[in-house]
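*Asks:* In terms of full-length UniProt numbering, the sequence shown opens at residue 1 and continues consecutively.
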Amino acid sequence: MSQRLFAIRGATGAENNAESITKNVCEMCLKLFADNKLAQKDFVSIQFTITDDLDVMNPAMALRKGQNEFDVSQIPLFSSQEPKIIGSPEKMVRVLVTAYMDENAKPLPVYINGGEKLRPDFARK
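#1: Tell me the rounded alpha-carbon separation between residue 62 and residue 71.
#2: Does the beta-carbon of residue 92 have 16 or more other beta-carbons within 10 angstroms, so that it is buried, or is it exposed?
#3: Exposed or buried, which one is residue 1 when buried takes at least 16 other CB atoms within 10 Å?
#4: Grab me the residues of residue 24's own chain with a C-beta within less than 6 Å of its C-beta, minus the 5 sequence neighbours each way, in chain order.
#5: Thinking just about the alpha-carbon of each residue, which of 118, 6, 107 is nearest to the one in residue 87?
#6: In this structure, does DSSP put residue 28 in helix, strand or coil?
#7: Anyone know if the C-beta pair for residue 48 and residue 99 falls short of 9 Å?
#8: According to DSSP, which residues form a beta bridge with residue 80?
#9: Pick helix, strand or coil for residue 121, following the three-state DSSP scheme.
#10: Which of the three DSSP states is assigned to residue 66 in this structure?
Below is the structure:
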């Protein structure tokens, strides 16, 4: 079966401490990887943004250092700060995973732990 490149989105809330950021980033990413049946060979890159009120750890480091059953050491990871917009939700980490999947796949976004408020249309029970 042929493959094509997809962008898969997600978001999670976190508290401003290393433990919370690590736990929530890893939970979001592992769920996104599992739900979309991604294997190591499928990834192109993982990009994160983080709100300015989360300033103790960047999410790429959190994913690398977290206790994961998924090895991300060979995947390019990148973090940047989310633009500060009046009224935007605080304490949020967003992710954009770029990966190859079967051409007929339906990417499943993951919005958890408060991230649902960013895209209620993508929130799953």
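Even glycine gets a Cβ: it sits at the ideal position worked out from N, Cα and C.
*Replies:* The answer reads as follows:
#1: Locating residue 62 in the sequence shown gives position 62, counting from the first residue. Locating residue 71 in the sequence shown gives position 71, counting from the first residue. C-alpha separation (whole angstroms): 13 Å.
#2: Sequence index remark: in the sequence shown, residue 92 carries index 92 (1-based). Buried: at least 16 other Cβ atoms inside 10 Å.
#3: One-based indexing of the sequence shown puts residue 1 at position 1. Exposed.
#4: Counting from one through the sequence shown, the residue named residue 24 turns up at place 24. Only 12, 14, 113 meet the Cβ criterion.
#5: On the sequence shown, position 87 is the one that residue 87 refers to. When only C-alpha atoms are compared, the closest one is 118.
#6: Sequence index remark: in the sequence shown, residue 28 carries index 28 (1-based). Helix at residue 28.
#7: Numbered from its first residue, the sequence shown carries residue 48 at position 48. Numbered from its first residue, the sequence shown carries residue 99 at position 99. It is not a contact, given that the beta carbons lie outside the stated cut-off.
#8: Numbered from 1 along the sequence shown, position 80 holds the residue referred to as residue 80. DSSP output for residue 80 lists 49 as bridge partner(s).
#9: Counting from one through the sequence shown, the residue named residue 121 turns up at place 121. Residue state, collapsed to three classes: coil.
#10: Taking the sequence shown and counting its residues from 1, the one referred to as residue 66 is at position 66. The answer is coil: DSSP assigns residue 66 none of H, G, I, E or B.
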